[in-house]
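Protein chains in written order, with the working numbering: chain A, 134 to 426; chain B, 4 to 322. Think of the CB as a built atom: it goes at the ideal place given N, C-alpha and C, for glycine as much as any other residue.
Pasting the structure below:
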């Protein structure tokens, strides 16, 4: 009887101990994860709070992590020091044109590869798929020469034209169209729909998740891109945001960092909005390797 | 009665190529689908041929010429490659890039795997969401813009990083002004920005490992490290291969971070291959020589990727 009781209490202490250990383990894990989270957010928070200090104070240490008296003057300065408004317009026009272009070309190609049969289809698909492997650096010099030959040097079109189609986009949307059953087409045919109507009013709306993934990824990549604008654009009034900001940083040196950081924060806003609206799609696209294009 | 067969509503009656397409039969429909197929792939195929496939071949072609883009090009055979083989600056940029890739990719993979496992082990969805967002956010920023921010933070005198290191007794580190530290600063910046990608990929891979397998492992008494080495890692290995291949391809093309933070310096300590391509082709207008370096980088990327797949037979486990 007493033996059974002591056995029972041993089991109880063991259970209690493992519960304590579990709690402790959880606490350690959460602390470590939190420490890394702080490090990951620190540069963005640093940029934000420093942009809210006066330009003179902006490089005094320590940084004011909580902006008690926000000074918005740097946000005005960034618009008056450089053609910042023009950069915003340029980035917006270029990025939106590319997103719309890629949505159209990729939806058409993806649909054809998934649902229309024609001789040479597999060959064309493999040609497009093979170019997925090719890095930007392997093509940029000839593309630069081609842009020059076309008379498009130093124009926003030089950024848009080569990016209007995407091997990744065609591949991605093909995968989405493949998931939609054939039954929809048969039903539509019975009602007298033609091939275009079947694509436009039946299959395209059903592929919306895929279109969202592509739109959000493409927006992110081209809003942030740096190498092509650096090579293709020469005059300041054509610059996109990342190029304009790097140019401003070089020009100001370490003069008034709050102005540069105000620019960085403004350029981050659209990307944050896109993340809040479409994070599910963004994550889905990234898992397919889309952001490294 | 005979007239009705000639009414316009019967397209079968039309002749010529239009009739061949509009014919109201199964064969006609198949033809319409095929025609539509060609029209639909045309923009993508054209874009890919003109702006990707064509230029790759053109890169090889251009690398056989000497050309400053203004005067007519001169064919010089393999001279650019001969020059490249003796150009210590270019060869050094390949070594520098190689060191960068090894440091950045291993750090990125190890840390993001630990983070993914940590987040996956949490049961509180709120906490998971907060951590996921924090680790993921830097990936959304522009590498160029965020390099500006990190360059300020790494600044030797007024940088916030040296300030806090000073608080724990570390002397000011010349992050961007010494060849050893500059490489580390760029690796840290790059990894900070890219970690969200592998983190998300690993999180997806981990959630794909079935509960049954893990529970069976628990019943067999496999816990902690044993479970990690014997169960989690093999089950995750295909995901690991995918992440490693994409991370290596990306890191081999690093450009914005060293361009903005150190401009390749001090000296050439952080000058990567893409910076050399940029300098040769677009600063010095040596289109042919720049192309030769680009071709070499492309070949290196292909070889490294092929090697990774080759070696993967030894460690990747497919269920």
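- Query: In whole angstroms, what separates the C-alpha of residue 208 of chain B from that of residue 303 of chain A?
  - Reply: Against the second chain, residue 208 of chain B aligns to sequence position 205. Against the first chain, residue 303 of chain A aligns to sequence position 170. C-alpha separation (whole angstroms): 25 Å.
- Message: Helix, strand or coil for residue 373 of chain A? Go by DSSP, reduced to three states.
- Response: Translated into positions along the first chain, residue 373 of chain A becomes position 240. Residue 373 of chain A: coil per DSSP, three-state reduction.
- Within the chosen definition, does the segment 315-324 of chain A reach the segment 257-274 of chain A through at least 3 CB pairs nearer than 8 Å? no
- Message: Can you check whether the C-beta of residue 250 of chain A is within less than 8 Å of a C-beta belonging to chain B?
- Response: In the first chain, residue 250 of chain A corresponds to position 117, counting from 1. For residue 250 of chain A, the answer is yes, since a Cβ of chain B falls inside 8 Å of its Cβ.
- List in chain order: all unbroken beta strand (DSSP E) runs of 3+ residues lying wholly within the segment 80-166 of chain B. none
- Relative to the C-alpha of residue 114 of chain B, which residue among A:172, A:201, A:359 is closest? Reading the second chain from its first residue, position 111 is the one you call residue 114 of chain B. Answer by Cα proximity: A:172.
- Task: Name the residue from A:241, A:149, A:180, A:194 whose alpha carbon lies nearest to the alpha carbon of residue 152 of chain B.
- Result: Within the second chain, numbered from 1, the residue matching residue 152 of chain B stands at position 149. Closest option to residue 152 of chain B, Cα to Cα, is A:180.
- Message: Any beta carbon from chain A within less than 8 Å of residue 178 of chain B's own beta carbon?
- Response: Indexing the second chain from 1 puts residue 178 of chain B at position 175. Answer no: the Cβ-Cβ gap between residue 178 of chain B and chain A never drops below 8 Å.
- Query: Hey, residue 201 of chain B and residue 246 of chain B: beta-carbon distance below 8 Å or not?
  - Reply: Mapped onto the second chain, residue 201 of chain B falls at position 198. Mapped onto the second chain, residue 246 of chain B falls at position 243. In contact: residue 201 of chain B and residue 246 of chain B (Cβ atoms closer than 8 Å).
- Query: Do residue 261 of chain A and residue 47 of chain B have their C-beta atoms within less than 8 Å of each other?
  - Reply: For the purposes of this step, residue 261 of chain A is identified with residue 128 of the first chain, where counting begins at 1. For the purposes of this step, residue 47 of chain B is identified with residue 44 of the second chain, where counting begins at 1. Cβ atoms of residue 261 of chain A and residue 47 of chain B: closer than 8 Å.
- Query: Does residue 149 of chain B have its Cβ less than 8 Å from a Cβ in chain A?
  - Reply: What you label residue 149 of chain B is simply residue 146 of the second chain in a count that begins at 1. So, interface residue.
- Task: Just the chain A side, please: which residues come within less than 8 Å of residue 55 of chain B by C-beta, in chain order?
- Result: Position 52 of the second chain holds residue 55 of chain B. Correct list: 264, 267, 272, 300.
- For residue 355 of chain A, is the classification buried or exposed, using 16 other Cβ atoms within 10 angstroms of its Cβ as the cut-off for buried? Against the first chain, residue 355 of chain A aligns to sequence position 222. By the 10 Å Cβ count, residue 355 of chain A comes out buried.
- List in chain order: all unbroken beta strand (DSSP E) runs of 3+ residues lying wholly within the segment 249-323 of chain A. none
- Query: chain B beta carbons: is any one of them nearer than 8 Å to that of residue 286 of chain A?
  - Reply: Taking the first chain and counting its residues from 1, one reaches residue 286 of chain A at position 153. So no, residue 286 of chain A is outside the interface.
- Look at the alpha carbon of residue 368 of chain A and the alpha carbon of residue 61 of chain B, and state the distance between them as a whole number of angstroms. Taking the first chain and counting its residues from 1, one reaches residue 368 of chain A at position 235. Taking the second chain and counting its residues from 1, one reaches residue 61 of chain B at position 58. Cα to Cα, residue 368 of chain A sits roughly 27 Å from residue 61 of chain B.
- Message: Please state the DSSP three-state secondary structure of residue 77 of chain B.
- Response: As a position in the second chain, residue 77 of chain B is number 74, starting the count at 1. If DSSP states are grouped into helix, strand and coil, residue 77 of chain B belongs with the strands.
- Query: At a CB-CB cut-off below 9 Å, which residues of chain B make contact with residue 313 of chain A?
  - Reply: As a working note, residue 313 of chain A is residue 180 in the first chain. Those do not exist, as residue 313 of chain A stays about 16 Å from chain B at its closest Cβ, beyond 9 Å.
- Specify the secondary structure class of residue 68 of chain B as computed by DSSP and reduced to three states. The sequence position of residue 68 of chain B within the second chain is 65, counting from 1. Strand, per DSSP.
- So, is the C-beta of residue 215 of chain A closer than 8 Å to a C-beta in chain B? Stepping through the first chain from its first residue, residue 215 of chain A is reached at position 82. Cβ-Cβ to chain B under 8 Å: no for residue 215 of chain A.
- Interface positions of the segment 150-161 of chain A facing chain B (Cβ-Cβ less than 7 Å), listed along the chain: none
- residue 273 of chain A: which of B:236, B:165, B:59 sits nearest, CA to CA? Numbered from its first residue, the first chain carries residue 273 of chain A at position 140. Ranking B:236, B:165, B:59 by Cα distance to residue 273 of chain A puts B:59 first.
- Roughly how many angstroms lie between the CA atoms of residue 252 of chain A and residue 258 of chain A, to the nearest whole one? The residue you call residue 252 of chain A lines up with position 119 of the first chain. The residue you call residue 258 of chain A lines up with position 125 of the first chain. Distance between the alpha carbons of residue 252 of chain A and residue 258 of chain A: 12 Å.
- Message: Is residue 425 of chain A close to chain B? Criterion is C-beta to C-beta, closer than 8 Å.
- Response: By 1-based counting over the first chain, the position of residue 425 of chain A is 292. Legend: pLDDT at residue 425 of chain A = 48, less than 50; position of this residue unreliable, value from coordinates given subsequently. Yes, contact with chain B.
- Could you tell me the distance, in whole angstroms, from the CA atom of residue 156 of chain A to the CA atom of residue 291 of chain A? Here residue 156 of chain A refers to the residue found at position 23 when the first chain is read from its first residue. Here residue 291 of chain A refers to the residue found at position 158 when the first chain is read from its first residue. Roughly 58 Å between the two C-alpha positions.
- Task: Could you name the residues of the segment 384-405 of chain A whose beta carbon sits closer than 9 Å to any beta carbon of chain B, in the order they occur along the chain?
- Result: 387, 390, 393, 394, 396, 397, 400, 401, 404, 405
- Task: Tell me whether residue 315 of chain B sits in a helix, a strand or coil according to DSSP, three-state version.
- Result: Walking along the second chain from the start, residue 315 of chain B turns up at place 312. Three-state result, residue 315 of chain B: helix.
- Item | Nearest to residue 234 of chain B (by Cα), restricted to the options B:242, B:243, B:217, B:241 | One-based indexing of the second chain puts residue 234 of chain B at position 231. Among B:242, B:243, B:217, B:241, the Cα nearest to that of residue 234 of chain B is on B:217.
- Message: Just checking: is the beta-carbon of residue 303 of chain B within a distance shorter than 8 Å of some beta-carbon in chain A?
- Response: The residue labelled residue 303 of chain B in the question sits at position 300 within the second chain. No, residue 303 of chain B lies away from the interface with chain A (no Cβ there is under 8 Å from its Cβ).
- Between residue 311 of chain B and the rest of its own chain, which residues show a CB-CB distance below 8 Å, the 5 nearest in sequence each way excluded? As a first step, residue 311 of chain B must be located in the second chain, where it is residue number 308. So the list reads 244, 247, 248, 251, once near-sequence residues are dropped.
- Item | Contacts around residue 295 of chain A, its chain only, beta-carbon distance under 7 Å, and the 5 residues preceding and following it disregarded | Mapped onto the first chain, residue 295 of chain A falls at position 162. The residues are 276.
- Touch check for the segment 190-199 of chain A and the segment 213-233 of chain A: three-plus C-beta pairs under 8 Å? no
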